[in-house]
Structures are given as structure tokens and as C-alpha cells.
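J.: Under the numbering used here, the first residue of the sequence shown is numbered 89, with each subsequent residue one higher. Where a beta carbon is used, it is the ideal one built from N, C-alpha and C, also for glycine.
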Amino acid sequence: MNNNTGSNRLILCLVMVTLLLFSGYCWRLLSQQQRAFDLSVAAELILNRVNTDTVYLLGREQANDEQVQQRLEQLSANLDRFVRKVRQDPDSAANPHAQTLLHDIERYLHDLTRLSSMEMGLEYIEKPFQQQLKTVLTDHQADAELMGQVRTLAQRLHYLKRNWDQADGQAVERLLQQLNGSAARVPALRSLIALSQDVSEQVASYHELRNQVIDMHELDALVAWKQSKIQQASELKSRFFLLVLAGALICFSLVALTLWRRNLKLSELSRETGLLAQAKSDFLANMSHEIRTPMNAIIGFSTLALQTPLSQQQRDYLGKIKSSSDTLLLLINDILDLTKVESGKLSLEEIDFDLAEQIDSLAGMFADLAERKQVEVIINKSPAVPDFLRGDPLRLGQVLVNLVNNAIKFTERGEVEVAITLASADPMRVRFSVRDTGIGIAEEKQAQLFQPFTQLEAGNTRKYGGSGLGLNISQRLVELMGGKISVQSKPGVGSLFQFEIPMNKAVYGVSGRRVFFEQQPLILVMDDNELVLELIGDMLSRSGARVIGVNSVSRAREVLREEGINLKLAIFDWRMGQEDGLDLALEMSQHSQWRLIPLLMTSAWAKEGLQARMESMGLHHFLAKPMTENALLAKVDELLNGSSFDAHLRQAEAQGDQQNFHELLRGTRVLLAEDNRVNQQLIIEYLKRVEVQVTVVTNGREAVERVAEQPFDVILMDLQMPVLDGLDATRQIRKMVDKHDVPIIALTASAMPGDRERCLGVGMNGYVTKPVSKLDLYNNLLQWLKQAPGEQMVTVKPPEAMDLLDLADALHRLDQDREALHILFKLFMSEHKDDLWEIRSALRRQEPQAAIRLLHTLKGVSANLSARRLHMMAAELEWRLHQAEALSEADLTRLQHIFNQTRERVSHCLLVADDRERSEADEGRSPRP
């Protein structure tokens, strides 16, 4: 590790030094390029200045000596500055071209100065020449011819000053020679000839120098030098860009190399992480299998035992066993759900469910824990919240279980309230809140609540325990449902967890048995908890009872004295602070009038001691807290009307639809491949109750051999078995020519993401997770069961041979409630009139999943109405779409025909019902004879 760190530091230092050197060289190139560019600009400016001043000096007409001298000084100063700049250039010191340039500039400046001096000399000699010319022209000795020659000489000289010409110069020379012959007659002519010769020579020299200055041959080196500097700047710029490009390519290569090496490391880490994740998944799957296998027996046999005649204490013990097993199963599910959430494979159901049943289940699950902690759990459901909702009851229950479990765990004394209220009606949002009077949570620790594997209580002296998964999974589940869990807490006061989720009313849910006391019985309720007292009063009042609530034994005695003759029932809490409800119950049993009042005892803890005292006093009716509305009303109804709803409920649970399953599954040949003896016995017990013929094998090889020897209608295959596992056994069975169509249902404790896909991938048809539910087992058998030739199985009629509406069956399921059936009929006519059009539209858009959802909804609606023909047709088309089979126009036309016939029949039933109601109303209004 230290060697790697040292190598990395050395490489970093080398890279930094290289970058610094490269940056310094690039900066040097930029400086040279900028200097060359500046010199080329300076040369261009000096050339422009030279041209301008040269034109000025050569083309002036009235410029005085002062202006000329000033202009020459400015030009000289500019040239001097340029010369200094050239000499400051490091490249010019050793450059011979630069030295030649400086010499040419100095010579050009010297020629320009001489030219100005010669102009001044010509102006100076002009005055004596004119005076001598005037003298000659006024001399009386000069004849006319001589004067003409003199004038011609003056004109020629004047012209030569403006524009020098070789012919004019020669003409002047000839005139001077002619005039020289006449110099003896005119003495003044000799001085004029001398001045004329001097002027002619100076003009010739002036024009020669002037032409030399105009040609500016001395400055050719400056032009060439400027071009060289421009070229040098361009070359330096190109070199800089090439270096930058090369540096960028090198950096890109280094970065690419670094990323490639890092990618290799990340790939290796990813592979190792994948192996670790796979190992974790395999470990969880194996642990799930090992734990679920004995749990399958515990839960299954305790369920079977609860369906037999038991004493109250035995039923209580078995209920605790089943409740504890369910709690352990929840912990396993938490771990498995975490893996599903992390992999993004957790999905929610959208089904109708009874909220009251969820509350009853929740209450029973935490009764024992609340009793051990001596914490009272209060369930407060607002009547505004519908009993039947649509959503995912399993995940909702999971969230509530986690929140209530934490609330009870961290509450030493006091109460835990579960409140269910309606946050908004349209769109409907239901608020679930769990309030406790526990230890509370510090504000700085609240942010850690929803982190996985995080517990606010750390160390080896943990008091409360827990896996640290519940709140994290609950938060993710609530977010999937469209809400978010919020927390309000104060240390030493308690906590409030709440969330709101969007929910809809159940589409096909029908109200179950509602208890209503038409005689408005007077009921005395005694409880020291004001909230519980208020809730019980509200529940009973909504059911038609009149309630007198008291919070002390003394006040209850007063009510008994005043209203004892009118009381129909008394509900007493056992522990009333420092008072005991059984003391008042003992007084009532010894009173001649009060002893006739039925008595219901309630308590949140110590039920064993309470039951012993109650039995000694001859009291038999007890309701455990937390009490729900269903449980309370059922118990009150049993005491007031003699109908034991709990007994009927247990009987219905024990029988369920077992008679129907018995008729459907009787005689079915099932091969059970299971190596665990306990699980064998449990599943055999389930199947024997519906008279299924079961053959048992203990490994996959025996299963393959038995399938080859005799036919079976269904195979129940465990995945993990000795000798040959369930997956390999299924592969071998599917290779048999005549066994392709035998349904194989996976029966296993594996519940990890991907297990279902692996089972279906090898040719299995269904998947049942342990602990095995009896109804799940029966339903899976029915789903994949096929009628064997010569077997006495249930005959399934084709849709055309079925009745459109089975009114008798629909009324039987609704407890002969015709009003509820008519409501369902009206909902079907109003809410589902466009179902066929929507199905066709989804298929035209090539959205088979949308069509499957619509057909599934139509299937459920028709089943709820007992519209058997429509139900079978919708189920068939849904199944075909699940198999990726295209639906033809004939299929849709057939569905449309059955759909229209069903709507006509439903409409007819509604018209008949309306006519019957009007007839009954008319008979009621007509006078009796």
C-alpha cells in the first residue's frame, strides 16, 4: 500500500514538472510570436510614415524651412524609436540582415536631409541669378538676339527646376556656349553664364538625389525585414498551435489511459461486487428456504389446529404461535423486500380489499406485544374512510406493522394510537398516523431514521433490538404508493409517524355483514382512558345503541343505580388505574337486579390472570384490546341477540370454500415431490380434505421415475431436494414426449427476485411460496388443472352454453341483498359502457398491456355480477394476450356480441326491479278496503 502511494506521488510530481516545462516553452513561443508581430506592425507604421513624409517633402510648394526641418525631425525621431526597438529584439543582435537594415535606414535619413539642403541651396542661388538676369536684360549693349537667348536660358532653367530632362539640359549647355561668345560685348553676361552653369549643376544633382529618394531603394531591406517578421510570427503561431494540439493529444492519451486503467479496476470491482451480491442473494435464498421450511409446518399446522374445536386457552396459545410465526415471516419478508427494492423489482398490486379486515389483523398481531409492554394500543378509524378500498393491502399492512411495532417497542408506558382519517375526498387521500407516548427521537437523529441497517440505539447494550430495515422499507413502499412518511417527535414526549397515500374506493367490493341494533339498547361503558371511551361510544352509537360512558368505578355504580333497570349490556375495562373493574363485576353478580345485565370485560394485558378470575366469577365474555369496530360489534351482537358472530366466522374460515374446492378437485391425481416430512404431512392434509389422490416422492429422481411410470394431473415440485433438484427434474420431465402438457407447480421456500423466472424458464407452470396457504394451493391446482379422459372432473361449459346472468348465484354471494346487486348493475351500465371501445383502441395502438388491464377489469366486473359468459370470454382473451397471442377481429366481434347481450340482460333486470319498486310504492299509497 505504501509502495503504491509512493509511486503515485512520484508519477504526480513528474507530471507536474512536465506540465510546468511545457507551459514555460509555450509561453516563450507566445512571447516570441507577439514580439515578431509587434515589430512587423512597427515596420508597417514606419513605412507609412516614411511614405507620407517623403511625399510631403518632395511635393511641397510653399513650405518654409522651419516646417521642413520640423517634419524631418519627426521622421528622424520615429526612425530612431524604430531602430531602438529593432536593437532591443534578441533575435536582431546576431542577425546580419538586421544590421544592414539599420545602416540603410540611417543612409535614407541622410539622403532626405541632403535633399532638403539642396532645395534650400537652389532657393538661395535663385535671387542673385534673377538680379544678374535683370542686369543683362537692361544693358544697352545687348541686342535683341542676345536678349532672346538670355530669356530662353532663364525659361529653360526654371523648367529644369520643376522637371529635369536630359534634352533640356543639353539645350541649356548649347545656349551657354552661344552666350559665352557674346560675353566680350556684354560684361555682365559672363556672371550670368557662371550662375547659370552653377544652377544647372545643382538642379541636376538635386533631381538625381530626388529620384533616388523617390525610388526608396534603401528601404527595400525594411520591407523584406517586415515580411520576415510576419512570416516568423506566423511560424511561431503555427508552432504554438501544434504544440498545444500535441499537448492536448498527449493529455487525452494520458486521460484515456488513466480512465482505461480505472475502468479495468472498476470492472474488476464490479465483477467482485456482482459476485458478492450474488453470494448475498444465494445466502438470503438459502436462509429463506431453511427458515421457511419449518415455518411452513408451524403456520400450517397451527392454522389447521385453529379450525378444530378448542378451549379458549388453547385457542389463545395457538393464536400466539401463529402470530409469532407471522411476525418472523414479516422479518424474512423485510430482508427479501430490501433486495427487491434495491434491484427495482418490487411492484405493487391494485386489488380490492376490506380495510376492516386489515385493522382486525393488525390488532391481533400486536395484542401480545402490547400486553407484555403494558401499553394500550388504540385503533381509531374515522367513519368517513370507506371500509372497502382499492390498493395493495399486503404492502399497506407491512408499513403499518413496522410503524406500530416500533411505536410499541419504544413505549414503556402510556398508549399507542393508530388513526386512519380522510385527508381529502376528491381525489381521495387517506392519512395513516401512528402516535405513541414513548421515548421520542432527538431532532438531529431524525434524519437517520429511514436509512437501511441504521438504528438510533447502538452498542452492545441495546435494549430494544431490531434489524434496522423496517422504516427504510416502509418509506420506500409509501413512496411507491404515492406518499411519504413524515415524523414529528420530542424526546420524553413521544413520536408521531404519518403518511398520506392516494386510494380509490373498491370497484367490486360489497359491504359485508353490518351490525345495527334497531331496539337502541342502552349500554354502559367503563374505561379510564378518555380516548378509548370516546371511540367505543362512537362505534356503538353508529350502530344504533345508546351509550353511557364513565371513567371510574364510583360513577359506574351511580349509573347502575339510576339506569340499572334499562341497561342491556355493560362493558368494563379490567384495570382502571388504582381501581379494578372486576370488583364492580363481583358486586353486579351479587345484586339481584344487576346480575341480569350481560357483562363484557376488556383488557390490554394480563389476560391469563384475568381469565382465571373471570372463570371463578362465572364470567365468560372477554374482548382483548386493541379492539376494532368489527370485533366489538360482533361481541355486542352475540351478547344482545345471541348470535355468535365469532363462532360463525371461525366456522366459515374453517370451511371457507372448501366444499366448492372439494367438488372441483376431487379425484385429481397429484404427485408431490418434497423431501421434508413435516411439509409432506401438511400438504397431504390440505389435499386429503378435498379428496385429492396424492403420491409422495422425496427427491427429483424419484419424481422423474414415477412420472414415467404413471400419469398425473398435476405435479407439485419442491426446488431444493437431494439427488436431483426440482429444476433438473422438471427439465428431464419436459424431455419426455408424452409429458409436455403435465402442469408442474413449484412448491418452495425460495422467495428471492428471479426465482419465479428461473422456475418458469425450465418449463414450470406455476409458483407457490412457502409457507403454503391452503387457498393458494387450491387455486393454483385449479388454474393449471386439465381434465383427463375418463376422469370425473367438473365440466366447464363453453361461453355460448352458459347463462348470461346467474342471478341466484349473485344474490347468494350478496346474502340476498337485492339492493346491493342493483347498485352493481347500475355501476356496470354507467362505468363500463366504453370498455370494448377502449380494448379495441388499445389493440390498435399496439398496447397489449393496456388491453390486458382492461380485460382483467372486465373479467372482475363480470365475475362480481355472475355474468358467466362474459367472464369466461374476457378471461380467455386476457390469457391469450398474456401468451403474446394476437386477437383476431372475430374474437373481438364475439366479445362485443356477448358484452352487448349482457348489458341488455342487466338493463332488463334493472327495469323489472324499478317496476317492482313502483308497484310496491303504489300499493303502499292505495287505501286499504
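Enumerate in chain order the residues of its own chain whose CB-to-CB distance from I685 is below 6 Å, with the five nearest sequence positions on each side excluded.
T.: L655, A658
J.: Please find out if some non-hydrogen atom of the ligand COA comes closer than 8 Å to the beta-carbon of S204.
T.: Here there are no bound small molecules, and the ligand COA is not part of this structure.
J.: Can you tell me whether F605 is helix, strand or coil according to DSSP?
T.: Of the three classes helix, strand and coil, the one that applies to F605 here is coil, per DSSP.
J.: Which runs of the alpha helix (DSSP H), 4 residues or longer, sit entirely within the stretch 883-959?
T.: Counting whole runs of 4 or more residues, the stretch 883-959 contains the alpha helix (DSSP H) stretches 895-901, 906-919, 923-932, 936-953.
J.: From the DSSP secondary-structure annotation, give me the bridge partner or partners of N592.
T.: In the DSSP assignment, N592 forms a beta bridge with R478.
J.: Please confirm whether M689 and L670 have their CB atoms less than 9 Å apart.
T.: yes
J.: Helix, strand or coil: how does DSSP classify G878 here?
T.: Legend: pLDDT at G878 = 37, less than 50; position of this residue unreliable, value from coordinates given subsequently. Correct three-state label for G878: coil.
J.: Report the partner residues of L354 according to the DSSP bridge assignment.
T.: The partner list for L354 (beta bridge, DSSP) is empty, contrary to what the question assumes.
J.: Near Q984, which residues of its chain fall below 8 Å by C-beta distance, leaving aside the five closest residues on each side in sequence?
T.: L924
J.: With a 10 Å radius around its C-beta and 16 neighbouring C-beta atoms as the bar for buried, classify W115 as buried or exposed.
T.: exposed
J.: Pick helix, strand or coil for G582, following the three-state DSSP scheme.
T.: If DSSP states are grouped into helix, strand and coil, G582 belongs with the strands.
J.: Per DSSP, which residues does V1000 bridge with? Please list them.
T.: V1000 pairs with nothing; no bridge assigned.
J.: Using 8 Å as the threshold, is the stretch 497-517 in touch with the stretch 464-483, meaning 3 or more CB pairs across them?
T.: Contact holds between the stretch 497-517 and the stretch 464-483, because three or more Cβ pairs, one in each stretch, are under 8 Å apart.
J.: Please classify Q681: does DSSP put it in a helix, a strand, or coil?
T.: coil
J.: What span of residues does the beta strand (DSSP E) with A712 cover, start to end?
T.: 710-712
J.: Check the C-beta distance from I653 over to Q608 and give it rounded, since I have them as a contact under 8 Å.
T.: Actually they are not in contact, since the Cβ atoms of I653 and Q608 sit about 16 Å apart, beyond 8 Å.
J.: Between K461, I439, W662, A722, which has its C-alpha nearest N592's C-alpha?
T.: I439
J.: Look at the alpha carbon of A259 and the alpha carbon of T226, and state the distance between them as a whole number of angstroms.
T.: 24 Å
J.: With a threshold of 8 Å on Cβ separation, who are the neighbours of T106 within its own chain once the five nearest residues in sequence on each side are excluded?
T.: none
J.: Restricting to Cα atoms, I'd like to know which of Q820, D864, Y866 is closest to G851.
T.: Q820
J.: Span of the beta strand (DSSP E) holding I508?
T.: 503-513
J.: Verify whether the separation of the beta carbon atoms of S577 and G632 is less than 9 Å.
T.: no
J.: If the criterion is Cβ atoms closer than 9 Å, does the pair L394 and K410 meet it?
T.: yes
J.: Does DSSP put L815 in a helix, in a strand, or in coil?
T.: helix
J.: Nearest to D661 by CA position, among D615, F710, I589, L277, is which residue?
T.: D615
J.: Are R663 and S704 touching if we call contact CB-CB under 9 Å?
T.: no
J.: Which same chain residues end up closer than 7 Å to H996 when comparing Cβ atoms and leaving out the 5 residues on each side of it in sequence?
T.: none
J.: With DSSP as the reference, label T690 as helix, strand or coil.
T.: strand
J.: For the candidate residues S629, H750, V620, whose alpha-carbon lies nearest to that of V638?
T.: V620
J.: Among residues of its own chain, excluding the 5 on either side of L758, which ones have a beta-carbon nearer than 8 Å to its beta-carbon?
T.: A small correction: the amino acid at residue 758 is Val; Leu does not occupy that position in the sequence shown. So the list reads L775, V780, Q781, V782, T783, F800, D801, V802, I803, L804, L869, once near-sequence residues are dropped.
J.: If you draw a straight line from the alpha carbon of I561 to that of G479, how long is it in whole angstroms?
T.: 18 Å
J.: Between the Cα of V522 and those of L488, Q534, A511, spot the shortest distance and give me the residue it belongs to.
T.: L488
J.: Tell me the DSSP bridge mates of Y866?
T.: According to DSSP, Y866 bridges with nothing at all.
J.: Take K914 and list the residues in its own chain whose beta-carbon comes closer than 8 Å to its own, dropping the five residues that flank it on each side.
T.: Around K914: L998.
J.: What residues are listed by DSSP as bridge partners for Q759?
T.: Position check: residue 759 holds Leu in this sequence, whereas Gln was assumed. Beta-bridge partners assigned by DSSP to L759: T783, I803.
J.: Shortest alpha-carbon distance to H750 belongs to which of N764, Q769, L770, R777?
T.: R777
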